[in-house]
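Just so we're on the same page, the working numbering is the position in the sequence shown counted from 1, plus 307. Virtual Cβ for every residue (Gly too), placed ideally from N, Cα, C.
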Amino acid sequence: MKTTSVDPATVPHRRLRSGALMPALGLGTFGSDHVSPDEVATAVKGAFGAGYRHFDCAAVYGNEGRIGQVLQGLPRDQLWVTSKLWNDKHSPRDVVAACRQSLADLRTDYLDMYLVHWPFPNYHPPRADVTSRSPDARPYVHEEFMETWAQMERLVDMGLVRNIGTSNMTAPKLELLLRDARTAPAVNEMELHPYFQQPELFSYVRSHGIEAIGFCPIGSPARPLRDRSPDDGVDIEDPVLVGIARDHGVHPAVVCVKWAVQRGQTPIPFSTKASHYTANLQAVVSDPLGEDEMRAIAATDRDNRLIKGHVFLWKEDQSWEDLWDADGRIAT
Ligand SMILES: NC(=O)c1ccc[n+]([C@@H]2O[C@H](COP(=O)([O-])OP(=O)(O)OC[C@H]3O[C@@H](n4cnc5c(N)ncnc54)[C@H](OP(=O)(O)O)[C@@H]3O)[C@@H](O)[C@H]2O)c1
308 MKTTSVDPAT VPHRRLRSGA LMPALGLGTF GSDHVSPDEV ATAVKGAFGA
358 GYRHFDCAAV YGNEGRIGQV LQGLPRDQLW VTSKLWNDKH SPRDVVAACR
408 QSLADLRTDY LDMYLVHWPF PNYHPPRADV TSRSPDARPY VHEEFMETWA
458 QMERLVDMGL VRNIGTSNMT APKLELLLRD ARTAPAVNEM ELHPYFQQPE
508 LFSYVRSHGI EAIGFCPIGS PARPLRDRSP DDGVDIEDPV LVGIARDHGV
558 HPAVVCVKWA VQRGQTPIPF STKASHYTAN LQAVVSDPLG EDEMRAIAAT
608 DRDNRLIKGH VFLWKEDQSW EDLWDADGRI AT
């Protein structure tokens, strides 16, 4: 496997509504329960050397302090650093303090992007089982979300954050946010991979000037057991992807990344292996997929959501589908 670095200037970028240019490929940093903060921080350092400039961080990943030790040694003006507000910090009095904590941990004066990680203010402990429910859990309440969002807008006014966005939002929720926000979200971070292409939401966000950042772009093959369901597919074992990968002489994971960037998403694949994260970056600057290959991958979609969000449910008899407003209405 080649490990030659890539010139960051050759990596595609997305222009956001603020005019900012965001690299169209980032490194995910969620080590989950099997990759330590040290290992993730080492990957961030290595990935910078390989040509990555975009790093997708979050307070809840529990490793921002360690990643910050690496970032402080890198030229800040060349980096795109995203962080996320966790669900137990939605209260208007908590948002600025939570952002300041991420800034301190990441050892930076500002964030390029700050996201509301989930639209629900429902706290659950790290590594919570899918069956666990918080007695305080609530549905999405738009008026409350707008109070959180007003603080996100304030972070921009304060110069602590340059762009703000959402994560795990649906079209009905975004519709309300776009109606009521002073500053519209620049991005929505959402699950996107060949087996879960979300064509309607993808097209909705793009037609409203919102860039789609795609998480689990490879189908998160190493996700913990609690995030696995018996019916889940494995994208990188799909015969179409395996065949295209063979034709290009790459791993199917690399095909997922090529497809994502060519489709117009901004994937944020996670890897701690230099050969893997370098191959993922090289994928977006060389040997593009043909139109037939793009069409063949589009046809592999099986609406297979992996991160279902069970722990956010607020009633006993609910199904995880209620979190995603599939019928066009926000569940209450
Ligand atoms: N906003 C949200 O709610 C949310 C939710 C989930 C995730 N995220 C973000 O999205 C990022 C990515 O999601 P994810 O980590 O769940 O899944 P992913 O990126 O789809 O998959 C990561 C897995 O793919 C493997 N891999 C990566 N490149 C490879 C290559 N070239 N060849 C072979 N295997 C390769 C990695 O293994 P190796 O380490 O062995 O290479 C790792 O096990 C997270 O780290 C996080 O930053 C956000």
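Alpha carbon of residue i to alpha carbon of residue j, nearest angstrom
i, j, result
"I604", "R486", "34 Å"
"Q589", "H397", "38 Å"
"D436", "L381", "37 Å"
"V377", "L323", "27 Å"
"K309", "V549", "Because the pLDDT of K309 is 48, which lies under 50, any placement of that residue in the model is unreliable, and the question is left without a value."
"A457", "A560", "38 Å"
"W627", "S343", "29 Å"
"H583", "H424", "26 Å"
"A451", "D599", "Checking the displayed sequence, the identity of residue 451 turns out to be Glu instead of Ala. Near 46 Å, if we compare the C-alpha coordinates of D599 and E451."
"G372", "A366", "9 Å"
"M459", "S312", "36 Å"
"S536", "L613", "8 Å"
"P399", "T455", "5 Å"
"D594", "F427", "41 Å"
"D634", "V618", "21 Å"
"Y511", "Y421", "21 Å"
"T585", "A606", "28 Å"
"R533", "S578", "20 Å"
"W387", "P574", "14 Å"
"T317", "V562", "19 Å"
"G333", "D412", "19 Å"
"L447", "K580", "Inspection of the sequence shows that residue 447 is occupied by Tyr rather than by Leu. Cα-Cα distance, rounded: 38 Å."
"R440", "P432", "10 Å"
"W566", "W393", "30 Å"
"R445", "G556", "48 Å"
"I551", "L410", "41 Å"
Residues of its chain near residue i, where Cβ-Cβ distance is below 6 Å and the 5 sequence neighbours each way are ignored
i, result
"D629", "A638"
"P492", "G472, T473, I517"
"A350", "T579"
"M476", "P426, N495"
Ligand 1 heavy atom lying under 7 Å from the CB of residue i
i, result
"R609", "no"
"V561", "yes"
"P319", "no"
"G335", "yes"
"S409", "no"
"S527", "yes"
"F452", "no"
"D539", "no"
"K580", "yes"
"F577", "yes"
"P524", "yes"
"I614", "yes"
"H431", "no"
"S474", "yes"
"E371", "no"
"E496", "yes"
"A586", "yes"
"H555", "no"
"H500", "yes"
"H643", "No information on residue 643 is available, as it lies outside the stretch 308 to 639 that the chain covers here."
"H558", "yes"
"D401", "no"
"D363", "yes"
"H397", "no"
"R440", "no"
"H583", "yes"
"R530", "yes"
Per DSSP, the bridge partner or partners of residue i
i, result
"G472", "L422"
"G521", "M497, P574"
"F503", "H500"
"H555", "The partner list for H555 (beta bridge, DSSP) is empty, contrary to what the question assumes."
"L328", "R322"
Proximal residues to residue i (C-beta, below 8 Å), its chain only, five neighbours per side dropped
i, result
"D443", "N429, Y430"
"V564", "L332, P524, I525, P574, P576, N587, A590, V591"
"S325", "R469, N470, A493"
Other residues of its chain near residue i: CB distance less than 7 Å, five sequence neighbours each side excluded
i, result
"Y368", "T336, F337, G338"
"E498", "F522, C523, R612, L613, I614"
Chain B contact for residue i (CB, 8 Å cutoff)
i, result
"H361", "The structure shown contains no chain B; it is built from a single protein chain."
| field | Inside the region 331-396 only - beta strand (DSSP E) runs reaching at least 3 residues | value | For secondary structure counted as the beta strand (DSSP E) over 3 or more consecutive residues, the region 331-396 holds these complete runs in sequence order: 361-363, 387-392.
| request: Enumerate, from N- to C-terminal direction, the unbroken alpha helix (DSSP H) stretches of 4 or more residues contained entirely within the region 556-620. | output: 559-570, 581-590, 598-605, all fully within the region 556-620.
| message | For a minimum of 3 consecutive residues, which ranges assigned as the beta strand (DSSP E) are wholly contained in the region 407-456? | response | Annotation note: the region 407-456 contains the following uninterrupted beta strand (DSSP E) runs of length 3 or greater, listed N- to C-terminal: 420-423.
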